[in-house]
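Protein chains in written order, with our numbering: chain Z, 260 to 455; chain P, 260 to 455.
We treat Cβ as the ideally placed atom computed from N, Cα and C, and that holds for glycine.
Have a look at the structure below before the remarks.
There are 2 protein chains.
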Amino acid sequence: MSPSEVADAPDAGSIEPTAAKARIIRAALDLFARHGVGGTSLQMIADEIGVTKAAVYHQYKTKDEIVLAAAEDELARLQAIIDAAETEPSRKRAPDMLVTGIVDLAVDRRRTVSTILSDPVIADFFAEHETFHEVMHRLRRVLIDDDAGPEAGVRTAILLAAISGAVMHPFVVDLDDDKLRAELLRLARRFLGLHG
Amino acid sequence: MSPSEVADAPDAGSIEPTAAKARIIRAALDLFARHGVGGTSLQMIADEIGVTKAAVYHQYKTKDEIVLAAAEDELARLQAIIDAAETEPSRKRAPDMLVTGIVDLAVDRRRTVSTILSDPVIADFFAEHETFHEVMHRLRRVLIDDDAGPEAGVRTAILLAAISGAVMHPFVVDLDDDKLRAELLRLARRFLGLHG
DNA sequence: GTCTATAGTGCGATAGAC
DNA sequence: GTCTATCGCACTATAGAC
C-alpha cells in the first residue's frame, strides 16, 4: 500500500483504513437503520455514495464483509467509551461515568445501534465474536461492585440490553433526544444503585 | 367457506380465521426471528410449511400483507394481557399484574418479539397503526399513577421498550429464561416503584 | 479506484389446471 | 386450497478496460 493511503490512520486499532471504505460503512449503517440489513442491497449502498456496485466490491469482496465491518464500527464506539472509563482513577465514579457514556452513545446513534444489534445475522455473528465478548468482560469489570452477588453479571447484561434496546423502539420513536437521555440515565442509576 | 373450517374460531377478534393462514403466520414469525424480515423469502415460508409459493399467495396477496398480519398477531398477545389487567378490581394490584404479564410474554416469545419490533419496516408500520397507539394508551392508563407527573408517560414507554428490547439482545442470548424473567421483573418493579 | 458489461441465481407475483 | 409453469426484475458477484 502507498504511504498516502494510510497517512490519516495513526491509531493502530482503526477499522476503516481508507476513506473509500469509511464512506461505504457510513452509508451502509444509515441504510441498515432505514431498511434493515436484509432490506439493504449493494446497489442502494453504491447509489448512496454515488458510485457503481463494482466500486463497492473493490473495497469489500462480499456483502457479509460490509455487514461485519459495519457492526465492528459500532462496537468500536463502545470500546472507546470503556477505554475512557477504565482510566478513571476513582473506582466509585467510574461506573457512573461508563453508564453516562453508554447512554449518550445509545441516544446519539439511536437510529442505527438497535437495528444493528437486533438483526439476527449480526446477533449470531457477535455470539462467536471474540472482541465482542472481550468488551462485555471489560464492561462488567467496571460496573460490578466487588462484593456483588453472582447475579450482578446478569443484571449488568440486562441493563445494557435495556438501554440499547430502548433507544429506537417503536414505543419511544416520538421522544426527543434530551428526554430520552435523561430518563435512561435515571433508569440506569436506579437499577445500579448509583447516586451520581 | 365450509362450517368445519371455522368451527374452532369462536372469538370475534381473532386475526387468523383459517388454519392455513395461521400456519403461514406461525412459520413467518419463526423465520423472521431467525433471518430477519428482509432476509425471509416467500419460498422459505412455503418450504417451512411444505407447500408452494402459489399456495401462500392464495392466502396473502403480497409479502407486506404477511408481515402486517404477523406483526398484528404479536400485538394481539399484548392486547390479551392488557384485557386481563383491566379487569383486575384492585387499582393497586393492576400495574404489577400488567408488568408481570408483559415480562412473561416478552420472555416466552423472546425469539420473535424483539426482531418484529426492531425491524425498520414494522416500526414505520406501527407508527401509523391505530390499534398500536390504542394499545399504548391502554398500557399507560393501567400503569401510571393518577398523581404522577408529566414524565410518567415517557418513563412507561422507556420501561416497556427496555423489557422487549432486552429479551433477545446479544448481551443476554446465553441467559436462561428463568433468570431473565426474574431480573426483568426486578428491573421493572424498581423502576415503577412497585413492591409486589 | 472506478467504470461497463454480464453471468447466474433467486426474488415477488401471476395465470390457469385440478 | 394446492399445484405447475412462467414472467420480469433485482440481486450478488465477477471479468476486464481505463
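1) Just to make sure I have the definition right: I need the residues of chain P whose C-beta is within less than 7 angstroms of the C-beta of P429 of chain Z. Which are they?
2) Grouping DSSP H, G and I as helix and E and B as strand, with all else coil, what is M260 of chain P?
3) Check whether the region 340-360 of chain Z and the region 319-328 of chain Z touch, using three or more Cβ-Cβ pairs below 8 angstroms as the test.
4) Only counting the same chain, and skipping five residues up and downstream in sequence, which positions put a Cβ closer than 6 angstroms to that of T311 of chain P?
5) Give the residues from the region 273-304 of chain Z that approach chain P closer than 9 angstroms (Cβ to any Cβ), ordered along the chain.
6) Measuring only the C-alpha atoms, how far is V296 of chain P from Q338 of chain Z?
7) Compute the distance between the beta-carbons of S377 of chain Z and S377 of chain P, then report whether it is under 7 angstroms.
8) Which same chain residues end up closer than 7 angstroms to A447 of chain P when comparing Cβ atoms and leaving out the 5 residues on each side of it in sequence?
9) Strictly under 7 angstroms for the Cβ-Cβ distance: is G424 of chain Z near chain P by that measure?
10) List the whole-angstrom C-beta distance separating H412 of chain P from R399 of chain P, where the pair is believed to meet the contact cut-off of C-beta under 8 angstroms.
11) Considering P354 of chain P, what are the terminal residues of the alpha helix (DSSP H) in which it resides?
12) Whole angstroms are fine: how far does the CA of L444 of chain Z sit from the CA of I403 of chain P?
13) With a floor of 4 residues, list each alpha helix (DSSP H) that falls wholly inside the region 289-316 of chain Z, ordered by position along the chain.
14) For L301 of chain P, collect the residues of the same chain with a Cβ closer than 7 angstroms to its Cβ; drop the 5 residues on either side in sequence, then sort them by chain order.
15) Answer yes or no: do V426 of chain P and A365 of chain P have a C-beta to C-beta separation smaller than 7 angstroms?
16) Could you have a look at D323 of chain Z and say whether DSSP puts it in helix, strand or coil?
17) Leaving aside the five residues before and after T390 of chain Z along the sequence, list all residues of the same chain whose C-beta is less than 7 angstroms from its C-beta, in chain order.
18) What did DSSP end up calling P379 of chain Z once you bin it into helix, strand or coil?
19) With 7 angstroms as the threshold, decide whether the Cβ of P354 of chain Z is near any Cβ in chain P.
20) Taking only the alpha-carbon atoms, compute the straight-line gap between L439 of chain Z and S373 of chain Z and give it to the nearest angstrom.
21) According to DSSP, is S349 of chain P part of a helix, a strand, or is it coil?
22) For L446 of chain Z, decide whether its Cβ has a neighbour in chain P, counting only Cβ atoms nearer than 7 angstroms.
23) Buried or exposed: R350 of chain Z, going by 16 or more other Cβ atoms within 10 Å of its Cβ?
24) Quick check: the Cα distance between A328 of chain Z and T371 of chain P, rounded to an integer number of angstroms?
25) Take the Cβ of A386 of chain Z as the centre, count every other Cβ of all protein chains shown within 10 Å, and call the residue buried at 16 or more, exposed below.
26) Within 10 angstroms of its Cβ, does D332 of chain Z collect 16 or more other Cβ (buried), or is it exposed?
27) Check each candidate in Z:R368, Z:E410, Z:H396, Z:H392 and name the one with the smallest Cα separation from D436 of chain Z.
28) How many Å lie between A353 of chain P and A441 of chain Z at the Cα?
29) Alpha carbon to alpha carbon, how far is V326 of chain Z from I375 of chain Z?
30) Would you grab the beta carbon distance between A279 of chain Z and P379 of chain P for me? Rounded to a whole angstrom, and I think it's under 8 angstroms.
31) Could you work out which residue in P:E324, P:F384, P:R397, P:A330 is closest to D342 of chain P when comparing CA atoms only?
32) On the three-state DSSP scale, how would you describe A329 of chain P?
Reading it off the structure:
1) Translated into positions along the first sequence, residue 429 of chain Z becomes position 170. Under the 7 angstroms cutoff, chain P gives L376, A382, F385, A386.
2) Taking the first residue of the second sequence as position 1, residue 260 of chain P is located at position 1. Residue placement at M260 of chain P is poorly supported in this model, since its pLDDT is 47, which falls under 50; the coordinates still yield a value, given next. Residue state, collapsed to three classes: coil.
3) no
4) Residue numbering aside, residue 311 of chain P sits at position 52 when the second sequence is read from its first letter. So the qualifying residues of the chain are A305.
5) F291, A292, R293, H294, G295, V296, G297, G298, T299
6) Indexing the second sequence from 1 puts residue 296 of chain P at position 37. Indexing the first sequence from 1 puts residue 338 of chain Z at position 79. The alpha-carbon atoms of V296 of chain P and Q338 of chain Z are separated by roughly 29 angstroms.
7) Taking the first residue of the first sequence as position 1, residue 377 of chain Z is located at position 118. Taking the first residue of the second sequence as position 1, residue 377 of chain P is located at position 118. Taking C-beta atoms as the reference points, S377 of chain Z and S377 of chain P count as a pair closer than 7 angstroms.
8) Residue mapping note: residue 447 of chain P aligns to position 188 of the second sequence, counting from 1. Closer than 7 angstroms at Cβ, skipping near neighbours: V358, V362, L418, I422.
9) Counted from its first residue, the first sequence places residue 424 of chain Z at position 165. With a threshold of 7 angstroms between beta carbons, G424 of chain Z makes contact with chain P.
10) Taking the first residue of the second sequence as 1, we reach residue 412 of chain P at position 153. Taking the first residue of the second sequence as 1, we reach residue 399 of chain P at position 140. It is Gly, not His, that sits at residue 412 of chain P in the sequence shown. About 6 angstroms; that satisfies the 8 angstroms criterion.
11) As a working mapping, residue 354 of chain P is identified with position 95 in the second sequence. Start and end: 352-367.
12) Residue mapping note: residue 403 of chain P aligns to position 144 of the second sequence, counting from 1. Residue mapping note: residue 444 of chain Z aligns to position 185 of the first sequence, counting from 1. Going by the C-alpha atoms only, they are around 20 angstroms apart.
13) Fully enclosed alpha helix (DSSP H) runs of 4 or longer: 301-308.
14) As a working note, residue 301 of chain P is residue 42 in the second sequence. So the list reads K312, V315, K322, once near-sequence residues are dropped.
15) Position 167 of the second sequence, counting from 1, holds the residue named residue 426 of chain P. Position 106 of the second sequence, counting from 1, holds the residue named residue 365 of chain P. Going by C-beta atoms, V426 of chain P is nearer than 7 angstroms to A365 of chain P.
16) In the first sequence, the residue the question calls residue 323 of chain Z occupies position 64. Helix at D323 of chain Z.
17) As a position in the first sequence, residue 390 of chain Z is number 131, starting the count at 1. Closer than 7 angstroms at the Cβ level, and outside the excluded window around T390 of chain Z, lie L334.
18) Taking the first sequence and counting its residues from 1, the one referred to as residue 379 of chain Z is at position 120. Of the three classes helix, strand and coil, the one that applies to P379 of chain Z here is helix, per DSSP.
19) On the first sequence, position 95 is the one that residue 354 of chain Z refers to. Answer no: the Cβ-Cβ gap between P354 of chain Z and chain P never drops below 7 angstroms.
20) Against the first sequence, residue 439 of chain Z aligns to sequence position 180. Against the first sequence, residue 373 of chain Z aligns to sequence position 114. Near 15 angstroms, if we compare the C-alpha coordinates of S373 of chain Z and L439 of chain Z.
21) For this step, residue 349 of chain P is matched to residue 90 along the second sequence. DSSP, reduced to helix, strand and coil, places S349 of chain P outside both helices and strands of the structure shown, so it counts as coil.
22) To locate residue 446 of chain Z, count along the first sequence from 1; it is residue 187. Judged by the 7 angstroms Cβ criterion, L446 of chain Z is in contact with chain P.
23) Indexing the first sequence from 1 puts residue 350 of chain Z at position 91. Classification for R350 of chain Z: exposed.
24) The count along the first sequence starts at 1 and reaches residue 328 of chain Z at position 69. The count along the second sequence starts at 1 and reaches residue 371 of chain P at position 112. Going by the C-alpha atoms only, they are around 26 angstroms apart.
25) Locating residue 386 of chain Z in the first sequence gives position 127, counting from the first residue. Label assigned to A386 of chain Z: exposed.
26) Counted from its first residue, the first sequence places residue 332 of chain Z at position 73. Looking at its Cβ environment, which holds 16 or more other Cβ atoms inside 10 Å, D332 of chain Z is buried.
27) Here residue 436 of chain Z corresponds to residue number 177 of the first sequence, with the count starting at 1. Cα-wise, what sits closest to D436 of chain Z is Z:R368.
28) Along the second sequence, read from residue 1 onward, the residue named residue 353 of chain P stands at position 94. Along the first sequence, read from residue 1 onward, the residue named residue 441 of chain Z stands at position 182. Answer to the nearest angstrom: the Cα atoms are 27 angstroms apart.
29) Your numbering for residue 326 of chain Z matches position 67 in the first sequence. Your numbering for residue 375 of chain Z matches position 116 in the first sequence. The straight-line gap from Cα to Cα measures roughly 9 angstroms.
30) Mapped onto the first sequence, residue 279 of chain Z falls at position 20. Mapped onto the second sequence, residue 379 of chain P falls at position 120. About 26 angstroms; that fails the 8 angstroms criterion.
31) One-based indexing of the second sequence puts residue 342 of chain P at position 83. Measuring from the Cα of D342 of chain P, the nearest candidate turns out to be P:R397.
32) For the purposes of this step, residue 329 of chain P is taken as the residue at position 70 of the second sequence. DSSP, read as helix, strand or coil, puts A329 of chain P in helix.
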